[in-house]
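Contents: one structure, followed by commentary.
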Amino acid sequence: MSTVEIIGFTEGITAVIYFESGDSLLPSAYGDQIMFGIIGLLSVAVTLFAGDKIQNWVGLAILGVVLLAYASSFVGLFASSDGWQTGPVYVPRFNETALGMVTGLSSETMSDNLMPDFSEGFVWQTALSYLFPCFLGIFMGANNANGLRTPSSSIPKGAFSAILTSTCLYIMIFCLLAAVAERQLLKDFLLLFCYVAWPTRYLAICGLLTVGIGAAIQLLSTAPKVFASLAEDGVIPILTVL
1 MSTVEIIGFT
11 EGITAVIYFE
21 SGDSLLPSAY
31 GDQIMFGIIG
41 LLSVAVTLFA
51 GDKIQNWVGL
61 AILGVVLLAY
71 ASSFVGLFAS
81 SDGWQTGPVY
91 VPRFNETALG
101 MVTGLSSETM
111 SDNLMPDFSE
121 GFVWQTALSY
131 LFPCFLGIFM
141 GANNANGLRT
151 PSSSIPKGAF
161 SAILTSTCLY
171 IMIFCLLAAV
181 AERQLLKDFL
191 LLFCYVAWPT
201 RYLAICGLLT
211 VGIGAAIQLL
221 STAPKVFASL
231 AEDGVIPILT
241 VL
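In the UniProt record's numbering, the protein residues as written are 1 to 242.
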């Protein structure tokens with residue numbers, strides 16, 4: 001899963017460059033992905049080798065950035081009804097062509113976006129495949145079971161709380177975005193949640209770029225504990241030599 005998170009970081013930063021400048025840094029977008037993937041992987045490796053103390057500080061810093069990014073985007077979604085960032089959206093990626101309108105919170109906009117209208121080649125299963133990795137963090141409790149006083153009760157409580165919190169958060173984001181922007185803009189502009197952030201979209205972009213790195217660090221830091229537990233319990237005999 002840490003690989004998926006690194007890929008998410010890579011896709012995020014290339015999307016930002018793509019929409020902000022309309023071009024890639026290297027001769028090809030694929031080259032950008034390789035370059036940023038290596039940077040992300042090295043960043044995670046350096047943090048992990050720095051020790052638990054550095055990992056904890058980096059984790060707290062990334063958590064703060066992500067929370068600030070979410071807060072700025074949610075404030076922007078509500079502030080858009082008062083004129084913040086409303087109107088047509090132009091991006092260099094599409095040669096400054098208007099992709100659609102940010103209308104601000106509107107029941108009419110919500111009604112227009114209420115029913116499904118998938119683009120050609122996309123079905124609801126595709127959307128589900130994007131959402132699935134977002135919920136895999138629920139296994140963190142099980143992966144850290146050795147550090148819990150009462151794993152049998154704490155893990156189910158933590159897992160269900162995480163699922164409920166994530167579900168509510170994603171539903172809020174989907175509904176609010178559907179109420180502030182036209183359908184075509186929702187389809188074409190991947191950075192819309194960042195675009196409406198208040199007071200500047202760069203706060204949300206920072207959260208977008210750091211969340212993948214933070215998740216990869218957390219996943220890799222728990223991997224040795226999982227292997228140690230498997231070895232102690234004799235689940236995989238070959239691990240007993242460790």
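Ideal placement from N, C-alpha and C gives every residue a C-beta, glycine not left out.
Just so you know, these numbers come straight off a predicted model, no measurement behind them.
Assignment of beta-bridge partners to Tyr130 by DSSP yields no partner.
A distance below 8 Å between beta-carbons, with the five flanking residues on each side excluded, links Leu105 to the following residues of its chain, in chain order: Leu77, Phe78, Ser80, Ser81, Leu176, Ala179, Val180.
The criterion of a C-beta distance shorter than 7 Å is satisfied by Val211 and Val66. In this structure, the straight-line span from the alpha carbon of Phe174 to that of Pro156 is close to 27 Å.
Rounded to whole angstroms, the Cβ separation of Leu230 and Ala69 is 36 Å, and the two are not in contact under 8 Å. Contact between Ile213 and Ser43 holds: CB atoms are separated by about 6 Å, below the 8 Å threshold. Ala181 is bridged by DSSP to Val102. In the DSSP assignment, Asn56 falls within the unbroken alpha helix (DSSP H) covering 52 to 79.
For Val44, the enclosing alpha helix (DSSP H) begins and ends at 29 to 49.
The alpha-carbon separation between Leu48 and Ile217 amounts to approximately 7 Å. Taking all protein chains shown into account, Ile163 has fewer than 16 neighbouring C-beta atoms within 10 Å of its C-beta and is therefore exposed. For Pro224, the enclosing alpha helix (DSSP H) covers residues 201 to 233.
In this structure, the beta-carbon distance from Glu182 to Gly87 does not fall below 7 Å.
In the structure shown, Leu192 falls within a helical segment according to DSSP collapsed to helix, strand and coil.
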